[in-house]
Amino acid sequence: MMELIAESTPCYSLKLTLAMLSRYSPPALDRVEDEAYARAFLCRGGAELAIVRQVRGSSFKIQCTSRSAAELAARTLSFTLDLEGFYRSIRDPVLKAAASRLRGLRVKTSPTAFEAIAESIVEQQISLRAAVKVKERLVKALGEKLAYRGSVYYTFPSQEAVAAASVGELRGLGLPKRRAECLKRVAELQLEDLPGKPPDLIVSELTEVKGVGEWTAKLAAARMGRLTVLPASDLGLRKAVGALYLGRLASRREVEEIAEGWGSLKALAAFYLIAYWMGGGHGLQ
């Protein structure tokens, strides 16, 4: 293991980021260990490990088996996100309160387009808790393993591993038949150039895939770091907006109308509002 020092953009709370991450990501993939983030990434040489600890402010110590793993960890933890610019742009009072309570919270950026899309497909039409369980089984069944100091770490499954799995195998992990078929279709696509495309083009290309609707495509685009998109039909977002603004469940149209006051980074604003709502207006515990 080598040890590197890395810098993020200003205003970073790894503690808050990991508290939120642990609510929507499978623990076999994104590990939280003593206020550190640990994850195995699939690199050219196979599975590589990175363990990230915040030293102080925007300085981080990364223990890693390769520089590639360190770079992927920094990307996953959104080290380059301009949070201060986001905070300065906020005019909406509810969003301002959320940002004040959750200062330093960062959203996870998927290290690959396939991971972004696959996680979004798994989350279709089921609760967050159920989705985490399915993703956990998927990671353990098809991800590559890496052992370090008595612990086993898993990568997210490669496209090749998912493409090689049968629909029956994927269904055995908890995916309905149509969702399993959709996941295999995506695994067979060329996705390397997708994250570099404009958000609208990412969404339009993904919705051409049978089984990928607008919600899935927008959520995947947001996971790729395209934070200007807004998955307005998301039930969790509708609940959060309803509770924080209306006192009842919000409709998709109401979410879109209210989001007009959130500035350009609507997916990031939505993430903050959901986290704020999940914490009962008191931040994350």
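Heads up: the sequence shown at position 238 corresponds to 468 in my numbering, and the numbers run straight through without jumps.
Where is the CB? At the ideal position from N, CA and C, for every residue including glycine.
Being a predicted model, the structure only gives us computed values, none of them experimental.
With DSSP as the reference, label residue i as helix, strand or coil.
i      : result
Val392 : helix
Cys294 : strand
Met231 : coil
Val382 : strand
Leu498 : helix
Leu376 : strand
Gly509 : coil
Leu403 : coil
Can you find the residues in the same chain that come closer than 7 Å, C-beta to C-beta, to residue i, ignoring five residues on each side of it along the sequence?
i      : result
Asp312 : Thr239
Pro429 : Ala451, Arg456, Thr458, Val459
Val337 : Ser308, Leu498, Phe501
Rounded C-beta distance between residue i and residue j? I'm assuming under 8 Å.
i      : j      : result
Val433 : Glu418 : Val433 to Glu418, Cβ: 20 Å. No contact.
Leu372 : Ala395 : 6 Å
Give every residue of the same chain whose Cβ lies closer than 6 Å to the Cβ of residue i, excluding the five residues on either side of it in the sequence, and list them in chain order.
i      : result
Ala258 : Glu366, Val369, Lys370, Tyr384
Phe290 : Ala236, Val282, Gln284
Tyr378 : Leu279
Val362 : Pro256
Ser350 : Thr446, Leu449, Ala450
Between the options, which lies nearest to residue i when the distance is taken from Cα to Cα?
i      : options                        : result
Ser494 : Arg456, Phe344, Leu479, Glu278 : Arg456
Tyr502 : Arg331, Gly315, Lys245         : Arg331
Ala303 : Tyr506, Ala328, Arg333, Ala270 : Ala270
Thr342 : Val352, Leu421, Val382, Lys375 : Leu421
Lys245 : Ala480, Gly287, Arg415         : Gly287
Ile504 : Arg408, Ser243, Gly466         : Gly466
Glu265 : Thr247, Ser340, Leu405, Trp492 : Thr247
Pro425 : Leu234, Leu479, Phe344, Gln354 : Phe344
Leaving out five residues on either side along the sequence, give the residues of the same chain with a beta carbon under 8 Å from the beta carbon of residue i.
i      : result
Trp507 : Lys469, Ala470, Ala473, Leu474
Arg401 : Lys407, Ala410
Whole runs of the beta strand (DSSP E) within the region 335-373, excluding any shorter than 3 residues: Within the region 335-373, no complete beta strand (DSSP E) run reaches 3 residues.
Uninterrupted alpha helix (DSSP H) stretches inside the region 259-337 (no shorter than 4 residues): For the region 259-337, whole alpha helix (DSSP H) runs of length 4 or above, ordered along the chain, are 297-306, 313-319, 323-331.
Segments assigned alpha helix (DSSP H), at least 4 residues, entirely inside the region 410-496: Counting only runs of 4 or more, we get 429-436, 444-453, 465-471, 482-489.
Complete alpha helix (DSSP H) runs within the region 231-257 (minimum length 4 residues, chain order): Counting only runs of 4 or more, we get 244-254.
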